[in-house]
Structures are given as C-alpha cells and as structure tokens.
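Numbering (our numbering), first residue to last: 14 to 210.
Structure representation (structure tokens):
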C-alpha cells in the first residue's frame, strides 16, 4: 500500500508539474504572438504615416482648434480666434520642462522681432498654478502671453504628445506647421517662414 500511495503521489506531482509547464508555455506563446502583432502594427503605421506617429492632433492644413484661456499676467481672457488675420505661434510648455526653459527665450525674441509683421506668440501652460507660471516668467524676464490651460482641455484638443510642442497657425486660422520638441533658431525661422509674409 505504501508503494502504491507513493507512486500515486509521484504521478500527481508529475501531472501537476506537467500542467503548470503547459500553462506557462501557453502564456508564453500568447504573449509572443501579441508582441509580434503589436510590433507589426507599429511598423506598418510608421511606413504608412507621412507625419510622425506622435502627431495625432490638428495636422498641417487643418483648422486650428479655437480656445479661450486666462493670461497669467493680466488675468484677461485670450481667445485664439481673436488673432484671425494674424500669424500665430501656439507653444505648449511646462515650468518643469528643461527644453521648454531653453526654448522660451527664442520664442520671446521671435515675438519681439516679428511683432510688426503681426506675429502673436501664445505660450500655453498645462495644469500649473498661476504663481508657478508667473515665477517662471520672472526668472526668464518673459513678456509674451502665458496662458493657463488648467483643466487640459486645450492640450486635449491639440492632442499634445509632449513638451514643448509648437503649432504655427496662418492668417486664415489653419495649421501651417507643427514642431514637436525643442526648436533650434534655424528650425524656428523655417517654421515662422510658413506663416509670416
């Protein structure tokens, strides 16, 4: 009897081990299949897309989504459509974003340089307090309008993938260029050329 109960126990352990091994193998196969499916889909999307995959918001030629936000310095409302007929650069940024901090003086300079050409730069901050935005403006001596997108609605309508992100809007209110990431002076000049006379 001892011998048969010992062999039954060994058989049960062998069956349980086989079951666990089979289960692990099935999970691994399903995981590998899902990984390959996702990799194939991503590769296919990269091959068929004419713009970066991260750009899911308004594309070049699309009307720029209108918005109304509070300007941090004055407390006044600023509406994108109020600038119809003028070239506009909408820049999405955050105080904690190091590339935004690096880029902001170039945006300030562009706003001053092209003011007579009608350029309006609107710097849209997402979700930070007015005091944090004003402290940032003070550190960098910024004069351009810093708008507060406290609930993220504007960021959502533009589907901003990260900071900084810049949308160059022509006089007809259409997106003429999109730039994701920090703008060098040459890149900024090239993008501004798409909206300035």
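Cβ coordinates follow ideal geometry from the N, Cα and C atoms, glycine included.
C-beta contact flag for residue i and residue j at 8 Å
| i | j | result |
| --- | --- | --- |
| residue 158 | residue 116 | no |
| residue 186 | residue 76 | yes |
| residue 147 | residue 190 | no |
| residue 9 | residue 171 | Outside the shown range of the chain (14 to 210) lies residue 9, about which nothing can therefore be said. |
| residue 160 | residue 129 | no |
| residue 156 | residue 162 | no |
| residue 82 | residue 188 | no |
For residue j and residue i, the rounded distance between their alpha carbons
| i | j | result |
| --- | --- | --- |
| residue 99 | residue 109 | 30 Å |
| residue 59 | residue 204 | With a pLDDT of 33 at residue 59, under the threshold of 50, the predicted position of this residue should be treated as unreliable, and no value is reported. |
| residue 25 | residue 174 | 54 Å |
| residue 197 | residue 92 | 27 Å |
| residue 215 | residue 154 | Nothing in the structure corresponds to residue 215, since the chain is present only between 14 and 210. |
| residue 200 | residue 79 | 25 Å |
| residue 96 | residue 202 | 20 Å |
Identity of the residues DSSP links to residue i by a beta bridge
| i | result |
| --- | --- |
| residue 182 | 101 and 188 |
| residue 210 | Bridge partners of residue 210: none, in fact. |
| residue 204 | The partner list for residue 204 (beta bridge, DSSP) is empty, contrary to what the question assumes. |
| residue 83 | 90 and 161 |
Query - Contiguous alpha helix (DSSP H) assignments of at least 4 residues, all confined to the segment 106 to 180 - result: 111 to 126, 143 to 153 and 166 to 171
Query raised in the report: Is the segment 89 to 106 touching the segment 170 to 190, taking contact as three or more C-beta pairs under 8 Å?
Result: Between the segment 89 to 106 and the segment 170 to 190, the count of C-beta pairs closer than 8 Å reaches three or more; the two stretches touch.
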